[in-house]
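Chemist: All residue numbers for the sequence shown refer to this note's numbering, where the first residue is 4 and numbers rise by one. Virtual Cβ for every residue (Gly too), placed ideally from N, Cα, C. Right, I'll just put the structure down here and ask away after.
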Amino acid sequence: MFYLKISEKTKTSFFVDQYCFNLLKNLFTLEELKDMHILIDYIFTDGGAFVKYTNDASPNHGSNGIKLEEKLIVFIIEPKNENIDNLIFSDSMMNGTKRTMDFGIIFVPEETPKIIEYLMKMNSLNTNFQLYSFNMEIIPIDADLYSMDIEDSFREIYVEKNYDSISKLASIVLKFQAAFGKVKHKYIKGDKAKLFNDFLTLKEEEHNIRFNDEILGMIVLDRSADFITPLLINTTYEGMMDDCFGINKGCVKVKKSFVKSNFKPEHKKKRPEEYLEYPLTSDINKFYCKLRCMNFQVALRYITNITQSFTQKMKMNDETQKTSEMTEFFTQWNQYVHLQDYLRDNQGFLNYILKQFDSNDFNLINQKEKSLINGYSQTNSEIFYSDYISEKKDFTTILNLMVIESLTQGGLKNYAEMKRDMLNIYGYQKIFLFRNLEALGWLKEKDKLSLKSAFKSDYRTICENLNLIYKDFKIGKTDDLSYIKTGFCPISLKLIEKAGEGEWTSIKDSLNLIPGETVFPNDESEISNPTEKINTIFVVFVGGVTYSEIEGIRFLNRKYKQIYDRSDDDNKTRKQFIIITTQIFNSKRLYDNLGKNFGSVYTMKKFYDDLQETPTKKK
Numbered sequence: 004m005f006y007l008k009i010s011e012k013t014k015t016s017f018f019v020d021q022y023c024f025n026l027l028k029n030l031f032t033l034e035e036l037k038d039m040h041i042l043i044d045y046i047f048t049d050g051g052a053f054v055k056y057t058n059d060a061s062p063n064h065g066s067n068g069i070k071l072e073e074k075l076i077v078f079i080i081e082p083k084n085e086n087i088d089n090l091i092f093s094d095s096m097m098n099g100t101k102r103t104m105d106f107g108i109i110f111v112p113e114e115t116p117k118i119i120e121y122l123m124k125m126n127s128l129n130t131n132f133q134l135y136s137f138n139m140e141i142i143p144i145d146a147d148l149y150s151m152d153i154e155d156s157f158r159e160i161y162v163e164k165n166y167d168s169i170s171k172l173a174s175i176v177l178k179f180q181a182a183f184g185k186v187k188h189k190y191i192k193g194d195k196a197k198l199f200n201d202f203l204t205l206k207e208e209e210h211n212i213r214f215n216d217e218i219l220g221m222i223v224l225d226r227s228a229d230f231i232t233p234l235l236i237n238t239t240y241e242g243m244m245d246d247c248f249g250i251n252k253g254c255v256k257v258k259k260s261f262v263k264s265n266f267k268p269e270h271k272k273k274r275p276e277e278y279l280e281y282p283l284t285s286d287i288n289k290f291y292c293k294l295r296c297m298n299f300q301v302a303l304r305y306i307t308n309i310t311q312s313f314t315q316k317m318k319m320n321d322e323t324q325k326t327s328e329m330t331e332f333f334t335q336w337n338q339y340v341h342l343q344d345y346l347r348d349n350q351g352f353l354n355y356i357l358k359q360f361d362s363n364d365f366n367l368i369n370q371k372e373k374s375l376i377n378g379y380s381q382t383n384s385e386i387f388y389s390d391y392i393s394e395k396k397d398f399t400t401i402l403n404l405m406v407i408e409s410l411t412q413g414g415l416k417n418y419a420e421m422k423r424d425m426l427n428i429y430g431y432q433k434i435f436l437f438r439n440l441e442a443l444g445w446l447k448e449k450d451k452l453s454l455k456s457a458f459k460s461d462y463r464t465i466c467e468n469l470n471l472i473y474k475d476f477k478i479g480k481t482d483d484l485s486y487i488k489t490g491f492c493p494i495s496l497k498l499i500e501k502a503g504e505g506e507w508t509s510i511k512d513s514l515n516l517i518p519g520e521t522v523f524p525n526d527e528s529e530i531s532n533p534t535e536k537i538n539t540i541f542v543v544f545v546g547g548v549t550y551s552e553i554e555g556i557r558f559l560n561r562k563y564k565q566i567y568d569r570s571d572d573d574n575k576t577r578k579q580f581i582i583i584t585t586q587i588f589n590s591k592r593l594y595d596n597l598g599k600n601f602g603s604v605y606t607m608k609k610f611y612d613d614l615q616e617t618p619t620k621k622k
């Protein structure tokens, strides 16, 4: 017998869920599944589900629990250490007198060497596990977005110098090319991007991949080409959703009462409130996808206006007399009723987002950020940071500003003292994070030369040369890429825009100021003047991408589509970008990952040495 047990209340990935069920449906019919005693529920992922079902697994429990006479029980989990920890079953299940079954684990999307090593070290698993994998190498988050979803990829690449994920990413892009043809023109920026291209070139030669007309070009960006964008304030709706709720594989996980206003949890004192997965992808939630590109304040006004408009029409119902007017009214009203759930849910999200940001703090942080981006010298930064830290405000927000200042101003004045204060306030476990940020060169003491002379960083020069700052920007204005960051266009997006127009040669001087190697295509003219109707360009991010950058690329896709739709030329063409990345992150997830202590990188001895070196506060 075969028993596939998956938990409904704890599924965390819509796409993993779909993949599992589609695979099973392709392999077997429902009748075959029934005859084989394959019981399908949903996906096991966290401790709550394991505890629930293992407690229900005793021989006396009945038909709801796992029956100990089953021959094989297979658990479907994501390859994370905490999920392996949750496979420590109750004594009744592991050591029951009737236990004759074997256990299997299916890793989704696939197993990793680290997770296998961790599994082998688990002494508490006193049984033989059969290991399976769906080998889902890359997850289609949306129609234009594919992610390997390797949450450690940034740290592995830039801190540990482990390039396995880059090689794996090259293999994935190779498979795209095997299906659609070899990429014609490549734009490469950054040392790790160049390494990716070297891996890909070797694989292309090994498999004899040939050209065709489906893939026009590929832009590969090393995260080191633009470290600053992930640290800037998100103001698009989707960026804010990610910051506040955490978007995971195209979904957010929220309390059931948050999106279901009429829901009243039963046994409130005994059970924690239930959570729901809320899908945000274009094929399921088209209304959200219309909002996600907007500034979050504009999105709230948009929803409010729709609600007020239809409320007014409802009041005018009694005055409507003509049949045609009645028909039109009820058609519109039915559409509104259909949208009501989406309107309510998104208004709830936006109201929650607004509550998380104190207006005074938000304005101060925004002003400080813009001052840094514009390259203005900072005079009273220590006082600003000291006041913010002493009030124990959001750690991620203040660290973002410190890193931005360090990167754009050549370091921080009195950094050692500020670091000590932050460790005192936010906890000494943060020392691992600071260690890695220092190793990356993101945080450092400002040298005396920069203090005495007028300091102009390469970053400021790049901003000026590429016209990244839109001085006349107004909220709600969306005709320029700079709307993504309220008047500032990220370097990464400007490079993509210029590549899409075949204009990298014209910005060669700026490219030389950006860290890492640069590779130009053989012939840019074909990029700017394509011959095919639809010309696909891959945008590959090595080390991760943010939702603000994703939205910027979608802005370019909309721009090219509008030009295509408005053109009367019989030979008109359109470019479209497809994003491929190792992971999707924001600054909080980045810091969480960089702050983990992996002994081989940062030993406890170094930890205590750092504590000894931390300066004491001057009286």
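Give the secondary structure of Q579 by DSSP, where H, G and I count as helix, E and B as strand, and everything else as coil.
Modeler: Of the three classes helix, strand and coil, the one that applies to Q579 here is strand, per DSSP.
Chemist: State yes or no: is the C-beta of K256 within less than 8 Å of the C-beta of E276?
Modeler: Against a cut-off of 8 Å, the Cβ pair of E276 and K256 comes out as no contact.
Chemist: Confirm, please, whether the CB-CB distance from L415 to L446 is below 8 Å.
Modeler: Yes, the pair counts as a contact, with Cβ atoms nearer than the cut-off.
Chemist: From G598, T411, Q350, D397, pick the residue whose C-alpha is nearest to that of V301; which is it?
Modeler: Nearest C-alpha to V301: Q350.
Chemist: When the distance is taken between beta carbons, is L219 closer than 8 Å to L203?
Modeler: Contact: no.
Chemist: Check the DSSP bridge columns for P143 and list the partner residues they point to.
Modeler: Per DSSP, Y149.
Chemist: What runs of the alpha helix (DSSP H), each 4 residues or longer, lie entirely inside the stretch 456-527?
Modeler: Here the runs fully enclosed are 461-469, 494-503, 511-516.
Chemist: In this structure, does DSSP put I392 in helix, strand or coil?
Modeler: Correct three-state label for I392: helix.
Chemist: Specify the secondary structure class of N237 as computed by DSSP and reduced to three states.
Modeler: Reduced to three states, the DSSP call for N237 is coil.
Chemist: Between which residues of its own chain and E448 is the CB-CB distance below 6 Å, once the five residues before and five after are set aside?
Modeler: Closer than 6 Å at the Cβ level, and outside the excluded window around E448, lie G414, Y418.
Chemist: Quick one: what's got a C-beta closer than 7 Å to S156's C-beta in the same chain, skipping five residues either side?
Modeler: Excluding sequence neighbours, S156 sits near S168, G546, G547, T585, Q586.
Chemist: Roughly how far, in whole angstroms, is the beta-carbon of Y484 from the beta-carbon of G555, given that I think they are within contact range, below 8 Å?
Modeler: Per the sequence presented here, residue 484 reads as Leu, with Tyr not at that position. So it is a contact: roughly 6 Å between Cβ atoms.
Chemist: So for E120, helix, strand or coil by DSSP?
Modeler: Of the three classes helix, strand and coil, the one that applies to E120 here is helix, per DSSP.
Chemist: At a cut of 8 Å, does the stretch 498-506 reach the stretch 519-539 through at least three beta carbon pairs?
Modeler: The stretch 498-506, when compared against the stretch 519-539, does touch it at the 8 Å Cβ threshold.
Chemist: Relative to the alpha-carbon of V162, which residue among L440, Y345, P82 has its alpha-carbon at the smallest distance?
Modeler: Here the closest residue by C-alpha is L440.
Chemist: Assess contact between the stretch 549-565 and the stretch 108-126, defined as three or more Cβ pairs (one per stretch) separated by less than 8 Å. Is contact present?
Modeler: In short, these stretches do not touch, since the Cβ pair count stays below three.
Chemist: Short check: CB of G378 to CB of C292, under 8 Å?
Modeler: In this structure, C292 does not lie closer than 8 Å to G378 by Cβ.
Chemist: Contact defined as beta carbons within less than 8 Å: I believe I231 pairs with L410. What is the distance between those atoms, to the nearest angstrom?
Modeler: The Cβ separation is near 6 Å, so the contact holds.
Chemist: Quick one: which unbroken alpha helix (DSSP H) runs of 4-plus residues sit fully inside the stretch 190-255? Chain order, please.
Modeler: Here the runs fully enclosed are 194-210, 240-248.
Chemist: What's the gap between the Cα of L283 and the Cα of D348?
Modeler: Their backbone Cα atoms lie some 12 Å apart in a straight line.
Chemist: Are the beta-carbon atoms of K189 and L224 separated by less than 8 Å?
Modeler: Cβ distance not < 8 Å, so K189 and L224 don't count as in contact.
Chemist: Measure the C-alpha to C-alpha separation of M243 and R295 and round it to an integer number of angstroms.
Modeler: One C-alpha to the other measures close to 9 Å.
Chemist: Out of M151, P524, F214, D568, which one is the CA nearest neighbour of G184?
Modeler: Among M151, P524, F214, D568, the Cα nearest to that of G184 is on F214.
Chemist: Could you check how far apart the C-beta atoms of S551 and T239 are, in whole angstroms? I think they sit under 8 Å.
Modeler: So it is a contact: roughly 6 Å between Cβ atoms.
Chemist: Whole angstroms are fine: how far does the CA of H210 sit from the CA of L559?
Modeler: Distance between the alpha carbons of L559 and H210 is about 33 Å.
Chemist: In the DSSP assignment, find the unbroken alpha helix (DSSP H) run with N560 in it and report its ends.
Modeler: Looking at the DSSP string, the run of the alpha helix (DSSP H) that includes N560 is 550-569.
Chemist: Please state the DSSP three-state secondary structure of L134.
Modeler: Looking at L134 - three-state DSSP - the assignment turns out to be strand.
Chemist: Where does E448 sit, in a helix, a strand or coil, going by DSSP?
Modeler: E448: strand per DSSP, three-state reduction.
Chemist: Around the C-beta of T549, are 16 or more other C-beta atoms found within 10 angstroms, so that it is buried, or is it exposed?
Modeler: Buried, by the Cβ-count rule.
Chemist: Go through its chain and collect everything with a Cβ distance to L235's Cβ below 6 Å, but skip five positions before and after it.
Modeler: Hits under 6 Å: K488.
Chemist: Tell me whether V545 sits in a helix, a strand or coil according to DSSP, three-state version.
Modeler: If DSSP states are grouped into helix, strand and coil, V545 belongs with the strands.
Chemist: Using a threshold of 8 Å, state whether the C-beta atoms of K578 and I540 are closer than that.
Modeler: Yes, the Cβ-Cβ distance between K578 and I540 is below 8 Å.
Chemist: Roughly how many angstroms separate the alpha carbons of I46 and D147, rounded to a whole number?
Modeler: Interpretation of I46 is limited by its pLDDT of 36, a score under 50 that renders its predicted location unreliable; no figure is taken from the coordinates.
Chemist: From A228 to D152, what does the alpha carbon distance come to, in whole angstroms?
Modeler: Whole-angstrom Cα-Cα distance: 21 Å.
Chemist: Within 10 angstroms of its Cβ, does Q412 collect 16 or more other Cβ (buried), or is it exposed?
Modeler: Counting Cβ neighbours within 10 Å, Q412 comes out buried, since at least 16 surround it.
Chemist: Start and end of the alpha helix (DSSP H) containing E420?
Modeler: Taken as a continuous stretch (DSSP letters only), the alpha helix (DSSP H) holding E420 covers 418-429.
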